[in-house]
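Residue numbers for the sequence shown follow our numbering, beginning at 65 and rising by one.
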Amino acid sequence: MSKPPCGEPEVSVIVPTLNERDNIRPLYEGLKKSLEGAGLECFEIVFVDDSSTDGTIEEVERLSRSDPRVRLIVRRGEKGLSRAVLEGLRRARGRVAVVMDADLQHPPETVPLLVEKVAGGEADLAVASRYAPGGRVEGWSLVRRIISRGAVLLAWLLIPESRRTRDPVSGFFAVNLDRVRPAIVSGRGFKILLEILYTNPYARVVDVPFTFRGRSRGSSKLGPSTILDYLLQVLQLSSIPRFIAVGALGSLVNLAVYTLAFSATGLHPLSSILGFEAGLIHNAILHDRITFRNRSVWRSHSFLRRLAKYHATSAAGIAVGVTVSTILYSLAGLHPLLSQALGIGAGFIVNFTLASRYIWR
Numbered sequence: 065m066s067k068p069p070c071g072e073p074e075v076s077v078i079v080p081t082l083n084e085r086d087n088i089r090p091l092y093e094g095l096k097k098s099l100e101g102a103g104l105e106c107f108e109i110v111f112v113d114d115s116s117t118d119g120t121i122e123e124v125e126r127l128s129r130s131d132p133r134v135r136l137i138v139r140r141g142e143k144g145l146s147r148a149v150l151e152g153l154r155r156a157r158g159r160v161a162v163v164m165d166a167d168l169q170h171p172p173e174t175v176p177l178l179v180e181k182v183a184g185g186e187a188d189l190a191v192a193s194r195y196a197p198g199g200r201v202e203g204w205s206l207v208r209r210i211i212s213r214g215a216v217l218l219a220w221l222l223i224p225e226s227r228r229t230r231d232p233v234s235g236f237f238a239v240n241l242d243r244v245r246p247a248i249v250s251g252r253g254f255k256i257l258l259e260i261l262y263t264n265p266y267a268r269v270v271d272v273p274f275t276f277r278g279r280s281r282g283s284s285k286l287g288p289s290t291i292l293d294y295l296l297q298v299l300q301l302s303s304i305p306r307f308i309a310v311g312a313l314g315s316l317v318n319l320a321v322y323t324l325a326f327s328a329t330g331l332h333p334l335s336s337i338l339g340f341e342a343g344l345i346h347n348a349i350l351h352d353r354i355t356f357r358n359r360s361v362w363r364s365h366s367f368l369r370r371l372a373k374y375h376a377t378s379a380a381g382i383a384v385g386v387t388v389s390t391i392l393y394s395l396a397g398l399h400p401l402l403s404q405a406l407g408i409g410a411g412f413i414v415n416f417t418l419a420s421r422y423i424w425r
């Protein structure tokens, strides 16, 4: 018998699939039992399939005929877990969306706990964490545990936005779609949570501990290509490579202006100041548009205000850079360009520290 309609769903459960036929019905039964048991009758389960060939699509279609709360989205000719999840989030009808895997390693009974954190207003994003107190992993080898912990540490090191959760590489989480903007920046990899944390730097995040189960059906999709994609995803989301690139370009601008000014005036201090000022303006624009773009778009004040604040906080960097450059040129007798380059390095460190902590926090 078909389930009677209940209006717009309160919760959307997004499940990306690729050849998971044997897991579909057990997952559906587990979600149905957990959600209805928590008093959540109006929900939808959205399976987003990347053109499975093992009968997954047909299995979901059979379920949807008996329960209209089951929906199927088939992506023809497209691959990628992150983009499949993003498609599901964009087409979700509930205010709260839960993302989970289809392999039964994410327990359905944890879903109501995640929903409660978000729907109750405690958080904008609730992460089911293997590494929060009370969380654990079943059935993993030592190598798999090391890889997972290493992935977390790498994210924490290179992506500051990921430090709001103990498990930034979790594939099991709930979001308030009224407050969290689902988006993909890197376009690769399978860790959509990293993308959401990066693009929503001011979202309130809480961890919900859970037990990550061993896989009982199917096979793991973790392999060398998956690990490589993750490394590239982290590097693309990290501000460090962009900061270095912008700084390098700014150094060229600095040196070019310094060279022109020194050739015209022969005055090293004046030329140094002009070089640093030109590089500073260049860097402020590119940091706002490129390096810290995920933070800038959420700021209420204008770019001009950020530029003014960047000028103010960069005064210390300019002072340090000019002082180092002048001492090396006047007292140490170094070549003027070498003195200026070393001064740039000193000012670079000071400027980044102040900018990242006070302008693009």
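Quick reminder that beta carbons are idealized off the backbone N, C-alpha and C, glycines included.
Exercise for review: Using the Cα positions of Gly339 and Pro224, report the straight-line distance between them to the nearest angstrom.
Suggested key: Position 275 of the sequence shown, counted from the start, is the residue given in the question as residue 339. Position 160 of the sequence shown, counted from the start, is the residue given in the question as residue 224. Cα to Cα, Gly339 sits roughly 31 Å from Pro224.
Review point. Nearest-angstrom Cα distance between Ile408 and Tyr393?
Key: Along the sequence shown, one-based indexing puts residue 408 at 344. Along the sequence shown, one-based indexing puts residue 393 at 329. Cα to Cα, Ile408 sits roughly 13 Å from Tyr393.
Check your understanding: Hey, quick one: how far does the alpha helix (DSSP H) through Thr323 stretch, first residue to last?
Key -> Position 259 of the sequence shown, counted from the start, is the residue given in the question as residue 323. Thr323 -> alpha helix (DSSP H) spans Ser303 to Thr329.
**Study point:** Collapsed DSSP secondary structure at Ile223 in the structure displayed
**Key:** Translated into the one-based positions of the sequence shown, residue 223 becomes position 159. Of the three classes helix, strand and coil, the one that applies to Ile223 here is coil, per DSSP.
Practice item. Compare the Cα-Cα distances from Leu368 to each of Asp352, Gly381 and Arg306 and report the closest residue. Key: Taking the first residue of the sequence shown as 1, we reach residue 368 at position 304. Among Asp352, Gly381 and Arg306, the Cα nearest to that of Leu368 is on Asp352.
Exercise for review: Please determine, among Leu395, Arg159 and Pro132, the residue with the shortest C-alpha to C-alpha distance to Lys96.
Suggested key: Counting from 1 along the sequence shown, the entry for residue 96 is found at position 32. For Lys96, the closest of Leu395, Arg159 and Pro132 by C-alpha to C-alpha distance is Pro132.
Review point. His399: buried (16+ other C-beta within 10 angstroms of its C-beta) or exposed?
Key: Taking the first residue of the sequence shown as position 1, residue 399 is located at position 335. Exposed.
Point to revise | Where Pro172 falls: helix, strand or coil (DSSP) | key: Reading the sequence shown from its first residue, position 108 is the one you call residue 172. DSSP places Pro172 in helix when its eight states are reduced to three.
Review point. For Phe326, which residues of its own chain have a beta-carbon under 7 Å away from its beta-carbon, when the five flanking residues on both sides are left out?
Key: Within the sequence shown, numbered from 1, the residue matching residue 326 stands at position 262. Exclusion of the five residues before and after Phe326 leaves His332, Ser335 and Pro400 as the residues of its chain whose Cβ lies within less than 7 Å of its Cβ.
Exercise for review: Determine the burial state of Thr417: buried for a count of at least 16 other Cβ atoms within 10 Å of its Cβ, exposed for fewer.
Suggested key: Position 353 of the sequence shown, counting from 1, holds the residue named residue 417. Under this definition Thr417 is an exposed residue.
**Study point:** Host beta strand (DSSP E) of Phe356 (start-end)
**Key:** Along the sequence shown, read from residue 1 onward, the residue named residue 356 stands at position 292. From DSSP, Phe356 is part of no beta strand (DSSP E); its letter is neither H nor E.
Review point. Out of curiosity, what's the CA-to-CA distance linking Asn83 and Asp167?
Key: Translated into the one-based positions of the sequence shown, residue 83 becomes position 19. Translated into the one-based positions of the sequence shown, residue 167 becomes position 103. If you take the alpha carbons of Asn83 and Asp167, they lie about 10 Å apart.
Check your understanding: Residues bridged to Asn264 by DSSP?
Key -> Sequence index remark: in the sequence shown, residue 264 carries index 200 (1-based). As computed with DSSP, Asn264 is found in no beta bridge at all.
Exercise for review: Identify which residue in Tyr195, Ile121 and Ser315 has its Cα closest to the Cα of Val270.
Suggested key: To locate residue 270, count along the sequence shown from 1; it is residue 206. If we check each option's Cα against that of Val270, Tyr195 comes out closest.
**Study point:** Same chain, Cβ closer than 6 Å to Gly314, five either side skipped, listed in chain order
**Key:** As a first step, residue 314 must be located in the sequence shown, where it is residue number 250. Residues of the same chain with a CB within less than 6 Å of the CB of Gly314, apart from the 5 flanking positions on each side, are Gly343, His346 and Asn347 in chain order.
Practice item. Kindly indicate which residue of Glu100, Arg135 and Gly94 has the alpha-carbon position closest to the one of Pro80. Key: In the sequence shown, residue 80 corresponds to position 16, counting from 1. Per the Cα distances, Arg135.
Review point. Below 7 Å between beta carbons: does that hold for Val112 and Ile137?
Key: In the sequence shown, residue 112 corresponds to position 48, counting from 1. In the sequence shown, residue 137 corresponds to position 73, counting from 1. Judged by their CB atoms, Val112 and Ile137 are nearer to each other than the 7 Å cut-off.
**Study point:** Endpoints, the alpha helix (DSSP H) within which Glu123 is located
**Key:** Taking the first residue of the sequence shown as position 1, residue 123 is located at position 59. That run of the alpha helix (DSSP H) goes Thr120 to Ser130.
Review point. By Cβ distance below 6 Å, which residues in the same chain neighbour Ile354 in space, the five residues on each side in sequence not counted?
Key: One-based indexing of the sequence shown puts residue 354 at position 290. Only Arg306 meet the Cβ criterion.
Check your understanding: Who are the Cβ neighbours of Ala247 in its own chain at under 7 Å, not counting the five residues just before and after it?
Key -> Start at 1 with the first residue of the sequence shown, and residue 247 comes out as number 183. For Ala247, same chain residues with a beta-carbon under 7 Å away, outside a window of 5 residues either side, are Glu259 and Thr263 in chain order.
Exercise for review: Following the continuous beta strand (DSSP E) through Pro444, name the residue where it begins and the one where it ends.
Suggested key: Nothing can be reported for residue 444, as the shown portion of the chain is limited to 65 through 425.
Check your understanding: From Ile382 to Glu341, what distance separates their C-alpha atoms?
Key -> In the sequence shown, counting from the first residue as 1, residue 382 sits at position 318. In the sequence shown, counting from the first residue as 1, residue 341 sits at position 277. Those two C-alpha atoms are separated by around 8 Å.
Point to revise | Beta-carbon contacts of Ala148 that lie in its chain and below 7 Å, excluding the five residues immediately before and after | key: Mapped onto the sequence shown, residue 148 falls at position 84. Excluding positions up to five away in sequence, the list reads Pro80, Val112, Asp114 and Arg139.
Practice item. Ignore the nearest five residues each way along the sequence and tell me which others in Gln404's own chain have a CB closer than 7 Å to its CB. Key: If you number the sequence shown from 1, residue 404 lands on position 340. Hits under 7 Å: Leu319, Tyr322, Ser336, Gly339 and Ser389.
Practice item. Below 7 Å CB to CB, which residues in the same chain sit around Ala190 once its five sequence neighbours on both sides are set aside? Key: The count along the sequence shown starts at 1 and reaches residue 190 at position 126. Cβ neighbours of Ala190 beyond the five flanking positions: Leu178, Lys181, Val182, Phe237, Ala238, Val270 and Val272.
Review point. Between the C-alpha atoms of Arg357 and Gly101, what's the straight-line distance to the nearest angstrom?
Key: One-based indexing of the sequence shown puts residue 357 at position 293. One-based indexing of the sequence shown puts residue 101 at position 37. Taking the straight line joining both Cα atoms gives about 43 Å.
Review point. Since Thr437 sits in a beta bridge, which residues does DSSP pair it with?
Key: This structure cannot speak to residue 437, because the chain is shown only from 65 to 425.
Review point. Just to confirm, are Ser98 and Val175 a CB contact at a threshold of 7 Å?
Key: Working through the sequence shown from its first residue, we reach residue 98 at position 34. Working through the sequence shown from its first residue, we reach residue 175 at position 111. Yes, the pair counts as a contact, with Cβ atoms nearer than the cut-off.
Check your understanding: Can you tell me whether Ala215 is buried or exposed, with buried defined as 16 or more other CB within 10 angstroms of its CB?
Key -> The residue you call residue 215 lines up with position 151 of the sequence shown. Burial is judged here by how many other beta carbons sit within 10 angstroms of a residue's own beta carbon; Ala215 has at least 16 and is buried.
Review point. With a Cβ-Cβ cutoff of 7 Å, do Leu222 and Ser302 count as a contact?
Key: For the purposes of this step, residue 222 is taken as residue 158 along the sequence shown, with counting starting at 1. For the purposes of this step, residue 302 is taken as residue 238 along the sequence shown, with counting starting at 1. Their beta carbons are under 7 Å apart, which means Leu222 touches Ser302 by this criterion.
Point to revise | Reference Asn240; option with closest CA among Ile291, Arg425 and Glu74 | key: Residue 240 sits at position 176 when you count from the first residue of the sequence shown. Asn240 has its Cα closest to that of Glu74, out of Ile291, Arg425 and Glu74.
Exercise for review: Would you mind working out which of Leu371, Tyr294 and Arg157 sits nearest Ala219, comparing C-alpha positions?
Suggested key: Position 155 of the sequence shown, counted from the start, is the residue given in the question as residue 219. Measuring from the Cα of Ala219, the nearest candidate turns out to be Tyr294.
Check your understanding: What does DSSP give as the partner residues of Glu108 in its beta bridges?
Key -> Here residue 108 corresponds to residue number 44 of the sequence shown, with the count starting at 1. Answer is Ser76, bridged to Glu108.
Review point. Hey, Arg129 and Asp242 are a contact pair by Cβ (cut 8 Å); roughly how many whole angstroms apart?
Key: Translated into the one-based positions of the sequence shown, residue 129 becomes position 65. Translated into the one-based positions of the sequence shown, residue 242 becomes position 178. Incorrect: roughly 32 Å between the Cβ atoms, too far for contact.
**Study point:** Other residues of its chain near Leu350: CB distance less than 6 Å, five sequence neighbours each side excluded
**Key:** Walking along the sequence shown from the start, residue 350 turns up at place 286. Excluding sequence neighbours, Leu350 sits near Val310.
Check your understanding: On the three-state DSSP scale, how would you describe Phe340?
Key -> Numbered from its first residue, the sequence shown carries residue 340 at position 276. In this structure, Phe340 counts as helix in the three-state DSSP scheme.
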